[in-house]
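Below you'll find the structure, written out as structure tokens, and then a few comments.
Residue numbers (the working numbering): 3 to 435.
What follows is the structure, given as structure tokens:
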């Protein structure tokens, strides 16, 4: 068994790691850190919650601390590009913890807040820059940031970056980096569409795949509940009556839906907060901090905000709406069963979501077990798709299912406009990534 003490980390990093109680690296850390310390490019594929951040943060900190160079004005020696504000802040916090004894300067660049403090921070150059694509490009175009001297580039959550429509921004940022650099790509899943980006960015790289592609965390107890759309809210109330459902993340497909769920839970006496792309960064961080501190029982989130939710002790993830992209299911349920804990993922599925459930099951290469032990179960709903036995429909508890057509909020818009405003989250407004 490999120990952190055997990975060749310098003493200040070893001391910081030991202070956090880490003795044995996770598989992605044990396999990625040695080639990264050698200066190799790395493609790392591992399930969420397996310690990817430390796998790239520790080698970067060691390189910058041992190779003494001064950052150029408006520049950075290491650039970590990530899709969401929350994830950028989480990564920055990890760099602070691991690097507290090496004295390196960092900056976090993201939208939703004034750019002035960020501009002031990078004016004289920083060692480490953690950024989201929109705000970073905006500051580059304003000539507040210069990437020509970056030594290490990390593209984190590469699959999500592509899914959110940031591929053009990523390529524009890469075009401003020096050719001579070390490049790292880390991702929880690796869809085929990422291949061209890998071939463009990485040279003579080491591929590390800890688990089969798109396999979900084995410690998570997954189940699906068939329910009419009208009864989803009642089913959520029913689930929350169980005291064991103690710290919960509920996923909504839309921002409006997230707000509505959180407001209704509050009225029912369940402490809840919503985070999504329309919330200011301060509001999102305040809600996340309250959830981490245990002051909020339920955090209602959209996919775009979920990647920065790294909270130990999340007992349950509830997919109030099934995701449109099956890969998102893996990321969603990965918010539980973190730090070697167990967890549960419950997915609500109405008649219009059967095709999404089937796509998820193909993605994870297994059937999601059906839980019919609730008062709103719709018998035989799963028979609408392949792989489930036939059965008559009934409506025990609650109102009968209505043929309502597409859900509110679709209004005939293209799918990319329906997903949490991802393509509109640009740096010139408060919804910036």
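Where a beta carbon is used, it is the ideal one built from N, C-alpha and C, also for glycine.
| task | Have a look at 269, 298 and 305 and flag the residue whose alpha-carbon is nearest the alpha-carbon of residue 279. | result | Numbered from its first residue, the chain shown carries residue 279 at position 277. The alpha carbon of residue 279 has as its nearest neighbour, out of 269, 298 and 305, the alpha carbon of 305.
| task | Quick one: grab the DSSP three-state call for residue 26. | result | Here residue 26 refers to the residue found at position 24 of the chain shown. It is coil, neither helix nor strand.
| field | Distance, residue 201 Cα to residue 291 Cα | value | In the chain shown, counting from the first residue as 1, residue 291 sits at position 289. In the chain shown, counting from the first residue as 1, residue 201 sits at position 199. Their backbone Cα atoms lie some 39 Å apart in a straight line.
| said: Rounding to the nearest angstrom, what Cα-Cα distance links residue 110 and residue 91 in this structure? | reply: Here residue 110 refers to the residue found at position 108 of the chain shown. Here residue 91 refers to the residue found at position 89 of the chain shown. A straight-line Cα-Cα distance of about 7 Å links residue 110 and residue 91.
| request: Mind checking which residues open and close the beta strand (DSSP E) that includes residue 58? | output: By one-based count along the chain shown, residue 58 stands at place 56. Taken as a continuous stretch (DSSP letters only), residue 58 belongs to no beta strand (DSSP E), being part of the alpha helix (DSSP H) at 54-68.
| field | Same chain, Cβ closer than 7 Å to residue 128, neighbours up to 5 away in sequence not counted | value | Within the chain shown, numbered from 1, the residue matching residue 128 stands at position 126. Excluding the 5 residues flanking it on each side, residue 128 has same chain C-beta neighbours closer than 7 Å at 73, 78, 107, 108 and 109, in chain order.
| Cβ-based burial, residue 254 [other Cβ within 10 Å; buried from 16] | Position 252 of the chain shown, counted from the first residue, corresponds to residue 254. Buried is the call here.
| said: Nearest by alpha-carbon distance to residue 180: which of 198, 196, 171 and 148 is it? | reply: In the chain shown, counting from the first residue as 1, residue 180 sits at position 178. Scanning 198, 196, 171 and 148 for the CA closest to the CA of residue 180 turns up 148.
| task | Could you tell me if residue 53 is buried or exposed, where buried requires 16 or more neighbouring beta carbons within 10 angstroms of its beta carbon? | result | The residue labelled residue 53 in the question sits at position 51 within the chain shown. Looking at its Cβ environment, which holds 16 or more other Cβ atoms inside 10 Å, residue 53 is buried.
| message | Buried or exposed, going by whether 16 or more other CB atoms sit within 10 Å of the CB of residue 257? | response | What you label residue 257 is simply residue 255 of the chain shown in a count that begins at 1. With 16 or more other Cβ atoms inside 10 Å of its own Cβ, residue 257 counts as buried.
| request: Count the other C-beta atoms from every protein chain shown that fall within 10 angstroms of the C-beta of residue 415, then say buried if there are 16 or more, exposed otherwise. | output: As a first step, residue 415 must be located in the chain shown, where it is residue number 413. Note that residue 415 scores a pLDDT of 37, beneath 50, so its modelled location is shaky; the value from the coordinates is reported in the next line. Answer is exposed; the Cβ neighbour count stays below 16.
| At least three beta-carbon pairs within less than 8 Å, the region 261-279 to the region 294-301 | yes
| said: Measuring straight from C-alpha to C-alpha, what distance separates residue 15 and residue 64? | reply: Position 13 of the chain shown, counted from the first residue, corresponds to residue 15. Position 62 of the chain shown, counted from the first residue, corresponds to residue 64. For the pair residue 15 and residue 64, the Cα-to-Cα distance works out to about 8 Å.
| Which of helix, strand or coil does DSSP assign to residue 158? | The sequence position of residue 158 within the chain shown is 156, counting from 1. Note: residue 158 maps to strand in three-state DSSP.
| Three-state class that DSSP yields for residue 238 in the structure shown | Position 236 of the chain shown holds residue 238. In this structure, residue 238 counts as helix in the three-state DSSP scheme.
| DSSP state of residue 224 mapped onto helix, strand, coil | Sequence index remark: in the chain shown, residue 224 carries index 222 (1-based). Note: residue 224 maps to strand in three-state DSSP.
| Extent of the continuous beta strand (DSSP E) to which residue 211 belongs | Working through the chain shown from its first residue, we reach residue 211 at position 209. Residues 208-211.
| Three or more C-beta pairs closer than 8 Å, one from the region 354-367 and one from the region 321-336: is that the case here? | yes
| said: I'd like the list of long-range same chain contacts for residue 112, defined as Cβ closer than 6 Å, with 5 residues on each side in sequence excluded. | reply: Here residue 112 refers to the residue found at position 110 of the chain shown. Around residue 112: 87, 90, 134 and 137.
| Are the region 28-44 and the region 116-130 in contact at 8 Å, needing three or more beta carbon pairs? | no
| Can the beta-carbon of residue 190 be found less than 8 Å from the beta-carbon of residue 161? | Reading the chain shown from its first residue, position 188 is the one you call residue 190. Reading the chain shown from its first residue, position 159 is the one you call residue 161. Cβ atoms of residue 190 and residue 161: closer than 8 Å.
| task | Could I get the ranges of all uninterrupted beta strand (DSSP E) runs contained in the region 182-206, with 3 residues as the minimum, in chain order? | result | 184-189
| query | Going by other Cβ atoms of all chains shown within 10 Å of its Cβ, with 16 needed for buried, is residue 327 buried or exposed? | reply | Within the chain shown, numbered from 1, the residue matching residue 327 stands at position 325. Counting Cβ neighbours within 10 Å, residue 327 comes out buried, since at least 16 surround it.
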